[in-house]
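Written out below as structure tokens is the structure these notes cover.
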Amino acid sequence: MRLVPLVNKNVIFLCAAIFAFMMISFATPPMQSPDEGAHFKRSALLTHGVIIMGHEDGLRSGGNISVGLDNFIRDANSIGKGGASSVEGLLNKYRWEDETRYSIAYNTAYNFPLVYLPQAVSLFIGEALNIRISDTYYLARVITFACSMIILSAAWSIYRFPTPVIAMLILPMAMFQLASPVLDSITISLTVLMMCIYCQSRIKDISIALFLTLSLCCFLISTSKANMLPVCALPFFTRVSIRLTYKYLIACLPLIMSILWIIIALSNTNDAGVHHPGYSQGDVMKYYIKNPVETLLIVFNTITDATLIDFYYRSFIGVLGPLDVFLSNNHYNRLSLLFIAAIALAILTTKQGSINYAALVISICSIGLIFCALLVQWSEFPAVKINGIQGRYFICPTIILLFCFSESKFGRIVNKRITLPVMFFASLYASVTSLISFYS
1 MRLVPLVNKN VIFLCAAIFA FMMISFATPP MQSPDEGAHF KRSALLTHGV IIMGHEDGLR
61 SGGNISVGLD NFIRDANSIG KGGASSVEGL LNKYRWEDET RYSIAYNTAY NFPLVYLPQA
121 VSLFIGEALN IRISDTYYLA RVITFACSMI ILSAAWSIYR FPTPVIAMLI LPMAMFQLAS
181 PVLDSITISL TVLMMCIYCQ SRIKDISIAL FLTLSLCCFL ISTSKANMLP VCALPFFTRV
241 SIRLTYKYLI ACLPLIMSIL WIIIALSNTN DAGVHHPGYS QGDVMKYYIK NPVETLLIVF
301 NTITDATLID FYYRSFIGVL GPLDVFLSNN HYNRLSLLFI AAIALAILTT KQGSINYAAL
361 VISICSIGLI FCALLVQWSE FPAVKINGIQ GRYFICPTII LLFCFSESKF GRIVNKRITL
421 PVMFFASLYA SVTSLISFYS
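Counting from 1, one number per residue, gives the positions in the sequence shown under the UniProt record's numbering.
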């Protein structure tokens, strides 16, 4: 007689995710994810119906938010090494105020605001009930994490993603972002959902509902991260049970709408000139398009800089907090080996002829656009090397890349029973101990 498992495996995964969220949340003071304060301001503006951010004369794009919230974000951003002792006073200090103040939301004006909906709902509830801003913040953490888990669960029910994708999600950097109320939490989850729908379509034709969901994911991802624009090609390669004419009409929508949003955002955003005074983003972009040899030379200088490559590597595995909480070298080495082992096992056991070349090309193009986007947005002009690139920018392209391989049953079992459990606890231990050591 076959024995029924006492606990469903999916429940174990969910409990592990909740446990990791609680541990990381406990160890991390408010507003410690990179650019979290700016994303929170963007969410606050969305609660008041602001879709396209404006700007006051001489100031970068932003908007009017509650003075209490603005002060909370300012003080939370000042928490640094050993700052845990100041958190308690910060938590009880600020409440919602009717008075508003113009506040700059750095580097968020280009993002389509729908991805901020979980945080915006949390802020709306907090302001409506007039609860403390600190409590509102933790509510935002919970709601954003819950939304991410719902999206990932939906993705899992459509297509069981390869174990290297799970390995990617449990690296310290990805776990930290998933546990924070920031843009990455939602875009990472949407990327997994998008790829699960696409991979399912390679097995059999998907429904129109799933195809529309895929198209929406492509739009939201590409308008949240400029380098992810190539994902708008995915709907064209997707098998769907409708007439080809309708399929291609719908497939065009994410690309057209993304380009329209980028044009609207560029024309209404005053974020240019910070790193290249006197030159707009458009001016810099035109220059590098007209001078491709110079552009390639700058990229070459960047990827051959050992210091920059080391930072990309460490911040991909995990540089937590506002990019100042480093793990120990031993943690980086162990986690890298485990991650490589999970990927190698999947590649070595991939069925012949099952490599997903469309996803492979999209992933490579998305990685290349990271360098192009930061060359225009974050580097001085004219540039010698590209500034501002962080390892976490490679998470979504890497997720797409890891969907390219269809591992065998043997590879999946070994990863699920050995590699992933060891990696999960090693990653969580490295994250929590590093955070506590830094902030205490």
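Heads up, the beta-carbon is just placed ideally off N, CA and C, and yes, glycines get one too. Source: prediction; values computed, not measured.
Mark residue i as exposed unless 16 or more other C-beta atoms lie within 10 angstroms of its C-beta, in which case mark it buried.
i      : result
Lys225 : buried
Val284 : buried
Ser201 : buried
Val319 : buried
Cys15  : exposed
Glu99  : exposed
Leu214 : buried
Ser437 : exposed
Val128 : Note that residue 128 corresponds to Ala in the displayed sequence, not to Val. The residue is exposed, with fewer than 16 neighbouring Cβ atoms inside 10 Å.
Pro382 : exposed
Phe410 : exposed
Val414 : buried
Phe236 : exposed
Val432 : buried
Ala306 : exposed
Ile170 : buried
Thr419 : buried
Leu6   : Low per-residue confidence applies at Leu6: pLDDT is 47, beneath 50, and the placement is therefore not dependable, though the value from the model is reported in the following sentence. Result: exposed.
Ser122 : buried
Ser85  : exposed
Thr245 : exposed
Glu407 : buried
Pro292 : exposed
Tyr110 : buried
Leu260 : exposed
Note down, in chain order, each residue of its chain lying with its Cβ closer than 6 Å to the Cβ of residue i, except the 5 sequence neighbours on either side.
i           : result
Tyr94       : Gly68, Asn71, Phe72 and Ile133
Pro397      : Ser363, Ser366 and Ile367
Ile79       : Pro29
Val4        : With a pLDDT of 48 at Val4, under the threshold of 50, the modelled position of this residue cannot be trusted; read the value that follows with caution. Excluding positions up to five away in sequence, the list is empty.
Thr295      : Tyr288
residue 470 : Outside the displayed range of the chain (1 to 440) lies residue 470, so it cannot be described from this structure.
Ile52       : Asn268
Which same chain residues, not among the five before or five after residue i, have their C-beta less than 8 Å away from its C-beta?
i      : result
Ile158 : Leu193, Cys196, Ile197, Gln200 and Leu210
Ala179 : Ala20, Phe21, Ile24, Ser25, Thr28, Arg141, Phe145 and Ser185
Leu360 : Leu401 and Cys404
Val376 : Gln281, Val284, Met285 and Tyr288
Arg314 : Phe326, Leu327, Tyr332 and Gly391
Lys81  : Asp324, Phe438 and Tyr439
Tyr248 : Phe236
Excluding five sequence neighbours on each side, which residues of the same chain lie with their C-beta closer than 7 Å to the C-beta of residue i?
i           : result
Pro164      : Ala342, Ile343, Ala346 and Leu402
Gln177      : Ser33, Asp184, Ser185, Ile188 and Arg392
residue 478 : With the chain covering 1 to 440 only, the question about residue 478 has no answer from this structure.
Cys217      : Leu190, Leu193 and Met194
Val325      : Val319, Ser434, Leu435 and Phe438
Val50       : Gly63
Arg2        : Only weak support is given to the placement of Arg2: the predicted model assigns it a pLDDT of 48, under 50, and the value that follows is read from those uncertain coordinates. Cβ neighbours of Arg2 beyond the five flanking positions: none.
Leu253      : Ser215
Asn10       : none
residue 496 : Since the first residue of the chain shown is 1 and the last is 440, residue 496 is not available in this structure.
Thr136      : Ser122, Leu123 and Gly126
Leu91       : Ser134
Residue i and residue j look like a contact to me (Cβ under 8 Å); what is the Cβ gap, rounded to whole Å?
i      : j      : result
Val182 : Glu36  : 5 Å
Met149 : Ala17  : 6 Å
Ala174 : Ile395 : 6 Å
Pro322 : Pro30  : The Cβ separation is near 12 Å, so there is no contact.
Leu338 : Ala430 : Not quite, the Cβ-Cβ distance comes to about 11 Å (not below 8 Å), so this is no contact.
Asn333 : Val384 : Not quite, the Cβ-Cβ distance comes to about 31 Å (not below 8 Å), so this is no contact.
Ser222 : Ser267 : Contact doesn't hold; Cβ gap of about 18 Å is too wide.
Tyr439 : Gly83  : 6 Å
Ile206 : Arg160 : About 15 Å; that fails the 8 Å criterion.
Ile298 : Ile386 : 6 Å
Can you check whether the C-beta of residue i is within less than 7 Å of a C-beta belonging to chain C?
i      : result
Leu360 : Within the model displayed, chain C is absent; a lone protein chain is all it includes.
Point to revise | the stretch 359 to 376 / the stretch 418 to 426 touching (three or more Cβ pairs under 8 Å) | key: By the Cβ test, the stretch 359 to 376 is not in contact with the stretch 418 to 426, since fewer than three Cβ pairs between them sit closer than 8 Å.
Exercise for review: Check whether the stretch 101 to 113 touches the stretch 30 to 49, taking contact to mean three or more Cβ pairs, one atom from each stretch, closer than 8 Å.
Suggested key: Contact between the stretch 101 to 113 and the stretch 30 to 49 is present: 3 or more CB-CB pairs across the two stretches fall below 8 Å.
Review point. Can at least three beta-carbon pairs, one atom from the stretch 228 to 240 and one from the stretch 366 to 385, be found at a separation below 8 Å?
Key: As far as the Cβ criterion goes, the stretch 228 to 240 touches the stretch 366 to 385, which means the pair count is three or higher.
Exercise for review: List in chain order: all unbroken alpha helix (DSSP H) runs of 4+ residues lying wholly within the stretch 141 to 183.
Suggested key: The DSSP assignment places 163 to 169 and 172 to 178 as complete runs of the alpha helix (DSSP H) inside the stretch 141 to 183, in order along the chain (cut-off: 4 residues).
Exercise for review: Just list the alpha helix (DSSP H) runs in the stretch 198 to 283, keeping only unbroken ones of 4 residues or longer that don't cross its boundaries, in chain order.
Suggested key: Restricted to the stretch 198 to 283, the alpha helix (DSSP H) segments that are unbroken, complete and at least 4 residues in length are 208 to 222 and 244 to 268, listed in chain order.
Point to revise | Contiguous alpha helix (DSSP H) assignments of at least 4 residues, all confined to the stretch 86 to 112 | key: Counting whole runs of 4 or more residues, the stretch 86 to 112 contains the alpha helix (DSSP H) stretches 87 to 93.
Check your understanding: Mind pulling the alpha helix (DSSP H) runs of 4 or more residues that sit fully within the stretch 297 to 326?
Key -> DSSP runs (the alpha helix (DSSP H)) wholly in the stretch 297 to 326: 306 to 317.
Practice item. May I have a chain-ordered list of the alpha helix (DSSP H) segments no shorter than 4 residues that lie completely inside the stretch 13 to 86? Key: Secondary structure in the stretch 13 to 86: the alpha helix (DSSP H) runs of 4 residues or longer, each lying completely within the stretch, are 36 to 47 and 67 to 77 in chain order.
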